[in-house]
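Under numbering that gives the first Met the number 0, the sequence shown has 205 at position 206, and the numbering climbs by one with no breaks.
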Amino acid sequence: MRFRTLNELAELSVREGKPIYRLMLEDQAMESGRTAEREWDKMKQYYGIMKEAVRKGAAAEGGSRSGLTGGDAKRTLDYARRPDSSLALDAGKAMAYALAVSEVNASMGRIVATPTAGSCGVIPGVFVSSQERFGWSDDDMVGGLFCAGAIGYVIANNSFISGAEGGCQAEIGSAIGMAAGALTELKGGSPAQVVHAVGLALKNTLGLICDPVAGLVEIPCIVRNGFGAVNALAAADMALAGVRSVIPSDEVIQVMLEVGGAMPDIHRETAQGGLAQTPTGRRLAEQLAAGTRTSGDRKDGENDGE
Ligand code: SF4
0 MRFRTLNELA ELSVREGKPI YRLMLEDQAM ESGRTAEREW DKMKQYYGIM
50 KEAVRKGAAA EGGSRSGLTG GDAKRTLDYA RRPDSSLALD AGKAMAYALA
100 VSEVNASMGR IVATPTAGSC GVIPGVFVSS QERFGWSDDD MVGGLFCAGA
150 IGYVIANNSF ISGAEGGCQA EIGSAIGMAA GALTELKGGS PAQVVHAVGL
200 ALKNTLGLIC DPVAGLVEIP CIVRNGFGAV NALAAADMAL AGVRSVIPSD
250 EVIQVMLEVG GAMPDIHRET AQGGLAQTPT GRRLAEQLAA GTRTSGDRKD
300 GENDGE
């Protein structure tokens, strides 16, 4: 790749007069030895998988295999359609779609890890809802995915993108940064605005721990994807409005590295701390281990499935 940092990426974009997605496409084709057309087609297939996961998850009423979660995407989407929804339909859809894809993941369905399976809902939530709203083509969205990929590449090479290494800030946080930056470019933002969107987004999740109940990518992972999609919309809007990440985004990525490195092991996907070790988290894990909990155990209004 011809860039190592977000700053270098933005400079290259300006110097070459090309959007970030185009640079990423060219560099990825160069690295893989495949043609740009082939890379594009592959990404288009991935986008098709994302859309299918949104469709499937948003309609699903059933639960995950563990019985811990399920049906929240549909609930959220139904609520978003009400006139008194606080987020209103557009942001509500982004949230619901993100939940949908995460629920598909929890039920062992097909998703695209963006950047990981745990954070697979944020980008499709933002992308599919924005496509519906703004009438963008699939090819527009594929370009957006390359832009998101460039941002993910920089984060992965300078910090972390997995909860086991850097906590949930590295998974959900990175996904939010990728979605926010890509949405900013899709909406005509400058390379500098794309970079600011990433920094604004990442700052908001610094320190977020990884604490999955029973070690399953369900609680709190699924709802964090829903919140993540809304945060990405907010970060893109802020950047496009002219809000800057005063601490440069590359420096924020370094802080993520510092914070992740300082995080105790109990907060890095081991399920030994945080929400996983609350009395309820432990009880759920024990029930699952003993095989005494099934999907039928989760009732409407029960709050341990989030
Ligand atoms: S809590 Fe851990 S497993 Fe769940 S999404 Fe966050 S990083 Fe991934």
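In this text, a Cβ means the ideal position worked out from N, Cα and C, and glycines have one as well.
For residue i, the nearest candidate out of the options (CA to CA)
i: Ala99; options: Ser85, Phe126, Asp71, Tyr78; result: Asp71
i: Val242; options: Leu274, Ala191, Gly280; result: Ala191
i: Cys167; options: Ala270, Glu184, Gly188; result: Ala270
i: Phe126; options: Gly151, Gly117, Asp89; result: Asp89
i: Met29; options: Lys50, Val103, Met0; result: Met0
i: Leu5; options: Met49, Ser85, Glu102, Gln253; result: Gln253
i: Phe2; options: Tyr152, Cys220, Val258, Ser189; result: Tyr152
i: Pro18; options: Glu184, Ser85, Ser65, Lys41; result: Glu184
i: Asp40; options: Ala87, Asp138, Pro263; result: Asp138
i: Lys73; options: Ser65, Ala87, Arg54; result: Arg54
With 16 other Cβ atoms within 10 Å as the buried cut-off, status of residue i
i: Lys298; result: With a pLDDT of 38 at Lys298, under the threshold of 50, the modelled position of that residue is not reliable, and no figure is offered here.
i: Ala93; result: buried
i: Gly172; result: buried
i: Met107; result: exposed
i: Gly300; result: Reliability fails at Gly300, whose pLDDT of 34 lies under 50, so the model's placement of it is uncertain and the value that follows must be treated cautiously. The residue is exposed, with fewer than 16 neighbouring Cβ atoms inside 10 Å.
i: Ala289; result: exposed
i: Gly227; result: buried
i: Phe133; result: exposed
i: Thr204; result: buried
i: Arg81; result: exposed
i: Gly260; result: exposed
i: Val13; result: exposed
i: Thr34; result: exposed
i: Asp249; result: buried
i: Ser63; result: buried
i: Glu102; result: buried
i: Gly188; result: buried
Close beta carbons around residue i, own chain, < 8 Å, minus the five adjacent residues each side
i: Thr75; result: Gly91, Met94, Ala95, Leu98, Gly225
i: Leu256; result: Asn157, Ser158, Phe159, Gly165
i: Gln276; result: Asp210, Ile265, Ala270
i: Glu131; result: Lys92
Spatial neighbours of residue i in its chain, beta-carbon cut-off 7 Å, leaving aside the 5 residues before and after
i: Ser161; result: Thr115, Ala169, Glu170
i: Gly273; result: Ile208, Asp210, His266
i: Lys50; result: Val127
Spatial neighbours of residue i in its chain, beta-carbon cut-off 6 Å, leaving aside the 5 residues before and after
i: Tyr20; result: Gly142, Phe145, Cys146
i: Gln317; result: An answer regarding residue 317 cannot be provided, because it is not within the stretch 0 to 305 covered by the chain.
i: Ala234; result: Ala179, Ala196, Leu199, Ala200
Residue i vs residue j beta-carbon contact at 8 Å
i: Leu239; j: Lys202; result: no
i: Gly180; j: Ile150; result: yes
i: Gly69; j: Ala59; result: yes
i: Met140; j: Tyr46; result: yes
i: Val216; j: Ala112; result: no
i: Val194; j: Ala52; result: no
i: Glu15; j: Leu22; result: yes
i: Ala231; j: Val121; result: yes
beta-carbon residue i near ligand 1 non-hydrogen atom, thresh 7 Å
i: Gly188; result: no
i: Ile171; result: yes
i: Arg80; result: no
i: Gly151; result: no
i: Ser158; result: no
i: Arg64; result: no
i: Gly117; result: yes
i: Gly227; result: no
i: Gly162; result: yes
i: Val193; result: no
i: Glu102; result: no
i: Pro114; result: no
i: Pro219; result: yes
i: Val258; result: no
i: Glu268; result: yes
Check: residue i C-beta below 7 Å from any heavy atom of ligand 2
i: Cys209; result: No copy of ligand 2 appears in this structure; the ligands present are ligand 1.
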